[in-house]
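K.L.:
I am attaching a structure below and will ask some questions about it afterwards.
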Ligand code: ATR
């Protein structure tokens, strides 16, 4: 299968989310397109959950070749497509859709690869045997669980505002390792080696209320969210004296490169984009 192309016109791509105006994906894919000499445009599409199915199908019939999917649509996207890659099937969440000439809509999930590439390759963290806490049990958390559990972590705890969702998600991945779910107030030490914020709370400027004792001076606190300046999660991490408090720019760029590969057959170099973001963001 090859993605559909029209001779001459720039191929259309974009990211669909709600809200989506904060997204840096157009900047990142713009840099990828330039460096790999690909003729494409990449836009933001703000679509509400009620209109997701109708409006996304309209985009594809209107000529869009591929979409990234961000909150809160990752699970809805897994239901919309007619084929899932094995990793998207496992996650039941989609962050990348490709539209092929035979009208197949293929759903993929590049989030896990983006996160592990950033942790391991960019940050030089060895994940084996680590105790990991994931905050949030939505589409973002789903995408990263299998690639993390494949690293033979010691334990994974998922904590969520709605505890039953954390428990349900843990049960879905229990075949891959030691994983449990709970509510935020049920969390307790000993401190975790890695804490990943996969909630969308920071979009509302919020941070879940967590008990003390979850962080020690070597804990890496990784916020899948990103933006200029500190996030509520990185501010919390610093207040707990975490070893490192990091925003998800690296994950964003690495997952984008994998989406670009699916759409265009080329994996662009991520270093120049990471450097540009480090300067600008
Ligand atoms: P995403 O694709 O970013 O995961 P999502 O599927 O809508 O988006 O999931 C959002 C996650 O952030 C959920 O875990 C949600 O908790 P609930 O399952 O209880 O809804 C969490 N979340 C959103 N706002 C939050 C807040 N203000 N405090 C804590 N958790 C929040």
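Residue numbers (the working numbering): 2 to 282.
We put the CB at the ideal spot given by N, CA and C, even for glycine.
On a predicted model such as this, the values are computed, not experimentally measured, just so you know.
Would the beta-carbon of residue 24 be found less than 6 angstroms away from any heavy atom of the ligand ATR?
P.N.:
Every heavy atom of the ligand ATR is 6 angstroms or more from the Cβ of residue 24, so no.
K.L.:
Tell me whether residue 91 counts as near the ligand ATR, meaning its Cβ is closer than 6 angstroms to at least one heavy atom of that ligand.
P.N.:
no
K.L.:
Residue 124 lies in the beta strand (DSSP E); which residues open and close that run?
P.N.:
That residue, residue 124, is in no beta strand (DSSP E); it is neither H nor E in DSSP.
K.L.:
Taking DSSP as the reference, what is the three-state secondary structure of residue 256?
P.N.:
helix
K.L.:
Using 8 angstroms as the threshold, is the region 153–165 in touch with the region 95–112, meaning 3 or more CB pairs across them?
P.N.:
Taking a contact to require three or more Cβ pairs closer than 8 angstroms, the region 153–165 and the region 95–112 do not qualify as touching.
K.L.:
Return yes when at least one heavy atom of the ligand ATR lies under 6 angstroms from the C-beta of residue 201, else no.
P.N.:
yes
K.L.:
Looking at residue 224: is its Cβ nearer than 7 angstroms to the Cβ of residue 236?
P.N.:
With a cutoff of 7 angstroms on beta-carbon distance, residue 224 and residue 236 are scored as not near each other.
K.L.:
Which same chain residues end up closer than 6 angstroms to residue 201 when comparing Cβ atoms and leaving out the 5 residues on each side of it in sequence?
P.N.:
72
K.L.:
Quick one: Cα of residue 183 to Cα of residue 165, how far?
P.N.:
7 angstroms
K.L.:
Closer than 8 angstroms is the cut-off here; do at least three beta carbon pairs connect the region 66–83 with the region 19–29?
P.N.:
yes
K.L.:
Could you check which residue in 171, 77, 197 and 52 has the C-alpha nearest to that of residue 243?
P.N.:
197
K.L.:
To the nearest angstrom, how far is the alpha carbon of residue 199 from that of residue 134?
P.N.:
Approximately 10 angstroms, taken between the alpha carbons.
K.L.:
Indicate, with yes or no, if the ligand ATR has a heavy atom lying under 6 angstroms from the CB of residue 163.
P.N.:
yes
K.L.:
Inspect the beta-carbon positions of residue 66 and residue 12 and report whether they are closer than 7 angstroms.
P.N.:
yes
K.L.:
Quick check: residue 260 and residue 110, are their CB atoms within less than 7 angstroms of each other?
P.N.:
no
K.L.:
Using a threshold of 7 angstroms, state whether the C-beta atoms of residue 119 and residue 251 are closer than that.
P.N.:
In this structure, residue 119 places its C-beta atom within 7 angstroms of the C-beta atom of residue 251.
K.L.:
Rounded to whole angstroms, what's the CA-CA distance from residue 189 to residue 214? Just pull it up for me.
P.N.:
7 angstroms
K.L.:
Please say whether residue 58 and residue 84 have beta carbons closer to each other than 7 angstroms?
P.N.:
No, these two residues do not count as a Cβ contact at 7 angstroms.
K.L.:
Buried or exposed for residue 32, going by 16 or more other Cβ atoms inside 10 Å?
P.N.:
So residue 32 ends up on the buried side.
K.L.:
Rounded to the nearest angstrom, what separates residue 81 and residue 92 at their Cα positions?
P.N.:
About 15 angstroms.
K.L.:
Can you determine whether any heavy atom of the ligand ATR sits closer than 6 angstroms to the C-beta of residue 73, and answer yes or no?
P.N.:
Residue 73: yes, Cβ under 6 angstroms from the ligand ATR.
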